[in-house]
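Asker: Top line first, the protein sequences correspond to chains Z and B.
Numbers 1 to 213, taken from UniProt numbering, label the letters of the first sequence in order.
Numbers 1 to 213, taken from UniProt numbering, label the letters of the second sequence in order.
Here a beta-carbon is modelled for each residue, glycine too, at the ideal position from N, C-alpha and C.
Protein chains: 2
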Amino acid sequence: MTDEHPHQLTLHEDPRSGNCYKIRLIAALLGTPLAIREYDIMRGETRSPEFLANVNANGRIPVLQIGDRFLPESNAACWYLAEGTALIPQDRFDRADMLRWMFFEQYNHEPNIATLRFWLAFVGEAHLSEQQRAMIPAKRMAGEDALALMDEHLATREWFVGGTVSLADIALYAYTHVAEAGCFRLRDRSNVCRWLDRVAALPGYVPMPQAED
Amino acid sequence: MTDEHPHQLTLHEDPRSGNCYKIRLIAALLGTPLAIREYDIMRGETRSPEFLANVNANGRIPVLQIGDRFLPESNAACWYLAEGTALIPQDRFDRADMLRWMFFEQYNHEPNIATLRFWLAFVGEAHLSEQQRAMIPAKRMAGEDALALMDEHLATREWFVGGTVSLADIALYAYTHVAEAGCFRLRDRSNVCRWLDRVAALPGYVPMPQAED
C-alpha cells in the first residue's frame, strides 16, 4: 500500500481515544504504515499554543498528518486512508449511506457514548462539574437510543452498509465496543454484540491500546 | 443533470431547518430537480410511527429519498447529490479536508449554533426546560468558538477548502447565515461576513425559505 502514500503518515493521538483508535484500526486493516505521536489530553497537551498553531486550531485529536499537511476529524482521516480500497463501497447510494452512519456516529453516538466513558472512566464522577452531572441522564438516554437504533438496523444485516465491512462499521465500532466503560449495557443488544465479534475477527484487526496508563 | 439521477429525488424536510436548506441549496446550485415533502417538526410529525417505520428510524429530517430508498443525515445527502460535480474537490487531500469541515459542522457548529437558534427563535426561552436553560452558556461559548475558528480560517482564503466553493461551504453556510436568530453576533466576524456574501452571490443561489409560518 505504501506506494499509494508518497507522504509519511503520522497520527497525532491519545491512545485512550476511540476516535484515534478508528484510524489505527483502519491503517492496520489496510496494512498502511502509520507513525504515532502521542499526546495526553488529560494534561491539556492538545491545547498548548504549539499544538493550536501547528497541528489543529480546534485543539482536538486525532489529527492525521500527511507530509506537512494536517487533517483533523477522525472520520475525515478514515476517509483519506481508505479511498480506493474495499472499505468504501463502489455503489453511489451505499457510499453516501456509509457517510450517513459516520455522521450519525459523530452526532448521535460519540457525544453521548464516548463522553460518558470519558466522564465516568477517566475524569471520574466525583470530579465532574455540577452541570456535567446534570447532563448524564440525557446523554445516557440519547446513547441508549443510538445503541437501540444500531441493534435494530443489525437485526437484518451483518454490516451497516451493503454486504461487507466499510468505514461505517469501523467508525461505530470504536466507542461501541468500550461503551460499558460509560456504564452502557451491551449484553442486551445481541445484534450489536454479534457485529462487534465480526469486526474483531477481521483479518489484520488490532485491539484498542490499553485504556490505563 | 436529470439523466444522472434516474430515480425521482424527494426531500423530506421542514423548511425552517438549516440542515434541510443545505440540500435545497445544493440542488439549486446544480440545477437538480427535487420534489419536496414537508413536515412540521414542532408538531412531532417526524416522530410518528409511519415516519419512524418508513422514512427514518432516527426520527429526524432531512431525509433524501432516492427512488424507494431513504438517506438520512444532511451532509450525506449533500454528498450524494454532488458526487461527480465541481462541489467535491478532485484532489484527494482536499476531498478529505472538505469532509473534515462537514464533520466539524455537525460536531462543533450545529449542536450549538443551530440548537440556540431553535431554542430561542422557535421554542422560545420561556418554554425551555430548566436543563435546557442551564446549557445555554456552554452552547453559546462553543458556538462562538466555532465562529472564531471559521473567521480565522477565512482570514487567508475565500473558501473553506481549495480555491473554490465546495460542500464544506454550503454545509457551514446553512446555520451560520441565520446564527443571529440564536443571538450570535456575526458583524464582528468580518471574514465570515464576506464569505457569507460570496456564497449568496453564487449563480443559482436560492435563499432559505421564510423562517416564520
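#1: Between which two residues does the beta strand (DSSP E) holding B:F51 run?
#2: With distances taken from CA atoms, which of Z:R117, Z:D169, Z:M150 is nearest Z:N75?
#3: Taking a Cβ distance cut-off of 9 Å, strictly less, list which residues of the region 193 to 210 of chain B are near chain Z, in chain order.
#4: Touching or not, the region 2 to 20 of chain B and the region 190 to 201 of chain B, by the rule of three or more beta carbon pairs under 8 Å?
#5: Looking only at its chain, what residues have a beta carbon closer than 7 Å to the beta carbon of Z:A155, apart from the 5 residues adjacent to it on each side?
#6: The beta strand (DSSP E) that contains B:L9, what's its start and end?
#7: Using a Cβ-Cβ cut-off of 8 Å, state whether B:F104 counts as contacting chain Z.
#8: Return the Cβ separation of Z:Y173 and Z:V199 in integer angstroms, given the expectation that the two are a contact with Cβ distance under 8 Å.
#9: Starting from B:F118, find everything on chain Z with Cβ-Cβ shorter than 9 Å and list it in chain order.
#10: Just to make sure I have the definition right: I need the residues of chain Z whose C-beta is within less than 9 Å of the C-beta of B:L52. Which are they?
#11: Nearest-angstrom Cα distance between Z:D94 and B:L30?
#12: Would you call B:R117 buried or exposed, if buried means 16 or more other Cβ atoms sit within 10 Å of its Cβ?
#13: Quick one: what's got a C-beta closer than 6 Å to Z:P15's C-beta in the same chain, skipping five residues either side?
#14: Would you report the Cα separation of B:I66 and B:S129, rounded to the nearest angstrom?
#15: Going by DSSP in three states, Z:E212 sits in which element: helix, strand or coil?
#16: What is the residue span of the beta strand (DSSP E) that Z:A36 lies within?
#17: Can you give the beta carbon distance from Z:S17 to Z:L87, rounded, assuming they're within the 8 Å contact cut?
#18: In whole angstroms, what separates the C-alpha of Z:A148 from that of Z:R189?
#19: In or out: Z:D213 buried (at least 16 other Cβ within 10 Å) or exposed?
#20: Tell me which residue opens and which closes the beta strand (DSSP E) that Z:L147 is part of.
#21: At the level of alpha carbons, what is the spacing between Z:A77 and Z:V63?
#22: Listed in chain order, which residues of the region 52 to 71 of chain B have Cβ atoms closer than 7 Å to some Cβ of chain Z?
#23: With B:L167 as the anchor, note down where its alpha helix (DSSP H) starts and where it stops.
#24: On the three-state DSSP scale, how would you describe Z:L71?
#25: Could you have a look at B:Q65 and say whether DSSP puts it in helix, strand or coil?
#26: Compare the C-beta of B:D158 with all C-beta atoms of chain Z and state if any pair is closer than 8 Å.
#27: Measure the alpha-carbon distance for Z:I113 versus Z:P137 and round it to whole angstroms.
#28: Taking 8 Å as the cut-off, decide whether the C-beta atoms of Z:T10 and Z:L81 are in contact.
#29: Pick helix, strand or coil for B:Q90, following the three-state DSSP scheme.
#30: Is the Cβ of B:L154 closer than 8 Å to any Cβ of chain Z?
#31: Buried or exposed for Z:S52, please, with buried defined as at least 16 other CB atoms from any protein chain shown within 10 angstroms of its CB.
#32: Which same chain residues end up closer than 8 Å to Z:V178 when comparing Cβ atoms and leaving out the 5 residues on each side of it in sequence?
#33: Classify Z:G182: buried if its beta carbon has 16 or more other beta carbons within 10 angstroms, exposed otherwise.
#34: Applying the criterion that 16 or more other CB atoms from any shown protein chain within 10 Å of the CB defines a buried residue, is B:G163 buried or exposed?
#35: Closest by CA to B:M141, which one among B:N108, B:G44, B:Q90?
#36: Under three-state DSSP, which class holds Z:H109?
Answerer: From the atom records:
#1: No beta strand (DSSP E) holds B:F51; the alpha helix (DSSP H) holding it covers 49 to 54.
#2: Z:D169
#3: none
#4: no
#5: N191
#6: 9 to 13
#7: yes
#8: 5 Å
#9: In chain order: nothing, as chain Z lies at least about 15 Å away.
#10: Simply none; closest approach about 10 Å.
#11: 21 Å
#12: buried
#13: P209
#14: 38 Å
#15: Because Z:E212 sits at a pLDDT of 46, beneath the cut-off of 50, its placement in the model cannot be relied upon, and the following sentence gives the value as read from the coordinates. In this structure, Z:E212 counts as coil in the three-state DSSP scheme.
#16: A small fix is needed here, since residue 36 of chain Z is Ile in this sequence, not Ala. Taken as a continuous stretch (DSSP letters only), the beta strand (DSSP E) holding Z:I36 covers 35 to 38.
#17: No, Z:S17 and Z:L87 are not in contact; Cβ-Cβ is about 20 Å, not under 8 Å.
#18: 7 Å
#19: Reliability fails at Z:D213, whose pLDDT of 41 lies under 50, so the model's placement of it is uncertain and no value is given.
#20: Per DSSP, Z:L147 belongs to no beta strand (DSSP E); it is in the alpha helix (DSSP H), 130 to 153.
#21: 7 Å
#22: A57, N58, I66, R69, L71
#23: 167 to 176
#24: strand
#25: strand
#26: Reading off the sequence, residue 158 of chain B comes out as Glu, not Asp. Judged by the 8 Å Cβ criterion, B:E158 is not in contact with chain Z.
#27: 12 Å
#28: no
#29: coil
#30: no
#31: Looking at the sequence provided, one finds Leu at residue 52 of chain Z rather than Ser. Counting Cβ neighbours within 10 Å, Z:L52 comes out exposed, since fewer than 16 surround it.
#32: G18, R117, M208, A211
#33: buried
#34: exposed
#35: B:N108
#36: helix
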